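Enquirer: Residue numbers (the numbering used here): 118 to 285.
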Ligand code: SF4
Ligand code: SF4
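1. Could you spell out where the beta strand (DSSP E) holding residue 216 opens and where it closes?
2. Give me, in chain order, the residues of the same chain whose beta-carbon lies closer than 6 angstroms to that of residue 150; leave out the 5 immediate sequence neighbours on both sides.
3. Whole angstroms are fine: how far does the CA of residue 259 sit from the CA of residue 224?
4. Once you ignore the five residues that flank residue 232 on each side, which residues in its own chain have a CB closer than 6 angstroms to its CB?
5. Residues in the same chain with beta-carbon distance under 7 angstroms from residue 253, minus the five sequence neighbours each way, listed in chain order, please.
6. Mark residue 178 as exposed unless 16 or more other C-beta atoms lie within 10 angstroms of its C-beta, in which case mark it buried.
7. Only counting the same chain, and skipping five residues up and downstream in sequence, which positions put a Cβ closer than 6 angstroms to that of residue 267?
8. Where does the unbroken beta strand (DSSP E) through residue 227 begin, and where does it stop?
9. Check whether the stretch 160–168 and the stretch 194–213 touch, using three or more Cβ-Cβ pairs below 8 angstroms as the test.
10. By how many angstroms is the C-alpha of residue 121 removed from the C-alpha of residue 138?
11. Got a sec? Which residues, its chain only, sit under 7 angstroms from residue 147 by beta carbon, not counting five neighbours each side?
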């Protein structure tokens, strides 16, 4: 593909910047009188005009079964696909041959919130969540163990749907 290069000529005579200045001031004035979009966070977290998308990918959640056990069957797919290599899984097996995670941890600090773990999970156990208030004072606190992942209660994210790319 050919690339077009447009050469800009310098003005040959002195030009006035008055027009450009007036244009800039007009834009400033327009913003002065335009409706404000400032939200008083954290007291206010959504407005009629703004709510967080159900596709937001934030803090993970591990879903549990009726007995309160993690739905994870330690298949190993999510640590395998994770591009940030931030999932630690140590699988275990009970006497009946059922697999379960002995250790399951996600480092939310390293995670890039791609959502692949949610997409790949055959048990729909691990999910990214509609949640963003997870700041911490210590880096170690960003490593969520299984108990903490299971204790999250925020809504889980809706996956991207190719038939509805804009989520409408
Ligand atoms: S969202 Fe992506 S980066 Fe984060 S744990 Fe899941 S697969 Fe890894
Ligand atoms: S993909 Fe799902 S079932 Fe498999 S290890 Fe990850 S959370 Fe567990």
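Where is the CB? At the ideal position from N, CA and C, for every residue including glycine.
All values reported here derive from a predicted model rather than from experimental measurement.
Expert: This is what the structure gives:
1. On the chain shown, residue 216 is found 99 positions in, with the first residue counted as 1. Per DSSP, residue 216 belongs to the beta strand (DSSP E) from 216–224.
2. Counted from its first residue, the chain shown places residue 150 at position 33. Taken in chain order, the list of residues that qualify is empty.
3. In the chain shown, the residue the question calls residue 224 occupies position 107. In the chain shown, the residue the question calls residue 259 occupies position 142. Approximately 6 angstroms between the Cα atoms of the pair.
4. Locating residue 232 in the chain shown gives position 115, counting from the first residue. Counting only Cβ-Cβ distances below 6 angstroms, and skipping sequence neighbours, we find 174, 245.
5. The count along the chain shown starts at 1 and reaches residue 253 at position 136. The residues are 259.
6. The sequence position of residue 178 within the chain shown is 61, counting from 1. It is buried - the Cβ of residue 178 has at least 16 other Cβ atoms within 10 Å.
7. Working through the chain shown from its first residue, we reach residue 267 at position 150. Result list for residue 267: 179, 181, 187, in chain order.
8. As a first step, residue 227 is located in the chain shown; it is residue number 110 there, counting from the start. Per DSSP, residue 227 belongs to no beta strand (DSSP E) and is neither H nor E.
9. no
10. Within the chain shown, numbered from 1, the residue matching residue 138 stands at position 21. Within the chain shown, numbered from 1, the residue matching residue 121 stands at position 4. Rounded to whole angstroms, residue 138 to residue 121 spans 31 angstroms at the Cα level.
11. In the chain shown, the residue the question calls residue 147 occupies position 30. Cβ within range, chain order: n/a, list empty.
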